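In the UniProt record's numbering, the protein residues as written are 1 to 380. Beneath this line is the structure, given in structure tokens, with notes to follow.
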Ligand SMILES: [Fe+2]
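This is the structure in structure tokens:
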């Protein structure tokens with residue numbers, strides 16, 4: 001067996017109404033709660049989550065400027081604002097965008113330098129970040145248990161992560177009750193992001209015995225319960241299981257990394273303003289089909305996790321395609337604005353990320369990526 005490492009220092013508090021225990025959990029972790037910066041988007045404000053924190057502690061300031069797919073510029077601006085407040089603790093409430101942005105800010109507050117200097121650099125921070133409590137309100141990114149924070153650079157059509165073990169939140173509060181107000185399309189997109197994490201981590205060459213457990217359990221939970229959560233937003237049992245699957249997805253990519261689906265989805269997302277989960281949905285089955293026999297055992301285990309009665313990997317990929325279709329994603333890339341003329345720039349952006357492809361079960365050539373895109377322009 002290959003040697004492996006597993007490092008996941010975040011304390012997870014999982015379950016219904018756990019958000020209400022925020023204060024107790026901060027106290028039991030002996031966090032300094034004298035000055036709390038809440039970083040969130042408008043929906044956390046609207047649902048009263050930010051105000052709840054304000055009522056629990058004495059000195060709380062709310063920064064509600066989070067936008068989806070946070071940009072480098074927004075990270076810089078918001079860091080300056082939060083710096084003036086000088087918090088002892090940050091509480092991030094929201095989807096992956098809010099948590100990622102809060103992570104970047106928590107790191108920048110204690111480390112000199114421009115945010116660009118840290119992007120894509122392994123273990124980018126020298127000093128520990130300001131402690132962060134992450135409270136997800138979607139079930140997708142798994143960011144509450146990862147050392148990653150993704151930022152977007154619109155000008156250069158790039159989306160890339162900051163990576164540091166100092167970016168693990170100190171506490172993750174996964175309360176599924178906070179996810180019931182998600183609109184159906186957000187439930188679908190974020191859930192498919194989580195499923196993609198589980199599948200990409202499973203086929204990664206960096207997969208470990210621990211990450212595989214997370215991946216397979218995540219695949220089971222998400223494929224079984226996401227359709228229920230999508231159909232009935234208030235189905236709390238389904239919400240709970242999908243949230244658990246999303247957290248497992250985060251733990252799996254922490255050990256094994258994501259893969260080609262994410263590389264292509266980041267490009268699609270930034271070039272055409274497509275939500276991250278939908279962008280993943282567009283590529284997931286095509287990339288798995290491309291891996292084919294190179295990921296035979298993993299595809300078979302995905303089939304078993306999804307209770308698919310087939311040992312033919314291409315039939316399994318077909319079932320995954322069917323599963324994704326259920327949530328109403330477009331059949332081709334065309335309705336998203338992609339045209340044949342864009343393929344060359346898309347391929348060069350992907351090839352510029354070749355360094356991210358060393359852990360894939362099959363490493364694509366330029367021609368392979370072109371073929372995947374051409375096929376997806378014609379059909380799914
Ligand atoms: Fe993702």
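From the three backbone atoms N, C-alpha and C, an ideal C-beta is built for every residue, glycine too. On a predicted model such as this, the values are computed, not experimentally measured, just so you know.
With respect to residue 11, residue 171 sits close: the two C-beta atoms are nearer than 7 Å.
Runs of the alpha helix (DSSP H) spanning 4 or more residues and lying entirely within the region 181-225 occur at 184-203, in chain order. Contact between the region 19-27 and the region 50-65 is present: 3 or more CB-CB pairs across the two stretches fall below 8 Å. Under the three-state reduction of DSSP output, residue 175 falls in the coil class, being neither helix nor strand.
For residue 152, the enclosing beta strand (DSSP E) begins and ends at 148-153.
In the DSSP assignment, residue 277 falls within the unbroken alpha helix (DSSP H) covering 276-291.
With a 10 Å radius around the Cβ and a threshold of 16 neighbouring Cβ atoms, residue 326 comes out exposed. Shown here for residue 361: same chain residues with a beta carbon closer than 6 Å to its own, the five before and five after excluded, namely 203, 291, 294 and 295 in chain order. Not one heavy atom of ligand 1 is found less than 6 Å from the C-beta of residue 69. With respect to the 7 Å criterion, residue 200 and residue 113 are not classified as neighbours on the basis of their beta carbons. Assigned with DSSP and collapsed to three states, residue 162 falls in strand. Per the coordinates, the alpha-carbon of residue 164 lies some 15 Å from the alpha-carbon of residue 251. Looking at the DSSP output, residue 313 sits in no beta bridge, so it has no partner there. Straight across, the Cα-Cα distance linking residue 133 with residue 349 is about 34 Å.
Rounded to the nearest whole angstrom, the CA to CA distance from residue 334 to residue 237 is 36 Å.
Membership of residue 94 in the beta strand (DSSP E) is indicated by the continuous run 89-94. Here the distance from the Cβ of residue 255 to the nearest heavy atom of ligand 1 is not below 6 Å. For residue 12, the enclosing beta strand (DSSP E) starts and ends at 11-14. Note that the C-beta distance between residue 316 and residue 336 is not below 7 Å. Here residue 258 carries a coil assignment [DSSP, helix/strand/coil]. At the C-beta level, residue 106 and residue 130 come within 7 Å of one another. In chain order, 208, 210 and 255 place their CB closer than 7 Å to the CB of residue 6, counting only its own chain and leaving out the 5 sequence neighbours on each side. For residue 368, the closest C-alpha among the options 356, 329 and 287 is that of 287. Taken atom to atom, the span from the alpha-carbon of residue 111 to that of residue 213 is near 35 Å. Here the region 213-224 does not lie against the region 257-272, with fewer than 3 beta-carbon pairs under 8 Å apart.
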